[in-house]
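A short worksheet on the structure shown next.
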Amino acid sequence: MKKLVLLSLLALAACKKESTVGNPTADSTVVDTTLVAPPAEERALKDTTETVAPERTTANPEESVTGNFTGKNVTAIATLIHEGTDSEDPAQYSITFNDPAIAAVPGVCCGVLLVNEGDLNGDGNDELGVANAPLHGCTYDYQVYTYKNGKWLRYLESFLIPTACDGIDREKVQELVFKEGNTVYYMKTDVNNEDFKKIKTKAKVLVK
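Following the numbering used here, the numbering of the sequence shown begins with 7 at its first residue and continues without gaps.
Below, the structure is given as structure tokens:
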């Protein structure tokens, strides 16, 4: 009888051992690997991070000029709309005004200097001068605009202002364009002269 009971216990132990074979986690702690979603606020922030458009920034808070450009005194401001990376991808500016009803002067490149040129065409409004350096800060391209029928138009044919890389001064630039009688002149730089001698030259008017 004792032999029979002993055999029964051995058989029971063998069955338990077989039931654990191939199931290595039977006696280990179960780990919950379910992914937990981030809080709603965090998801919302991540979803909008790459879609927010950059705000317009002023190129230089001091780079502005006030004048009677449109029949009333307004302030023109050089506004940076594209920072640019190099000479092949230059910075782009738009000349905006403190009166939103006035159209902007678009497509201005690189370093910008604004000048009030006074009334050159006799219509009672001031003309707007814009100096910018398309390639580098050693030579500026100078353009004069007039406001006509709600649009900014080139008033004079543009000309270059060499600076020998010494920078540019607003007052000196303003002296380059002037009117004598009914004729507009500008001081052209003789680049063949080592002192950059200025030559009085009749300006070509593009808009009557």
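Glycine included, every Cβ here is placed at the ideal spot set by N, Cα and C.
Computed from a predicted model, the values in this text were never measured in an experiment.
Take the alpha-carbon of V213 and the one of Y153: they are about 10 Å apart. If you check the CB distance, V190 and L119 do not come in under 8 Å. Distance from the Cα of A170 is smallest, within the candidate group K157, N198 and I108, for N198. Within the model, the alpha-carbon separation for I108 versus N155 is close to 11 Å.
Around P112, the same chain offers S100 as residues with beta carbons nearer than 6 Å, after the five sequence neighbours per side are excluded.
In this structure, DSSP gives V213 a state outside helix and strand, which the three-state scheme calls coil. Distances from the alpha-carbon of E69 to those of E186, C144, D105 and A137 put A137 closest. In the DSSP assignment, K157 falls within the unbroken beta strand (DSSP E) covering K157 to R160. For D129, the closest of T207, D201 and F75 by C-alpha to C-alpha distance is F75.
Burial is judged here by how many other beta carbons sit within 10 angstroms of a residue's own beta carbon; T207 has fewer than 16 and is exposed.
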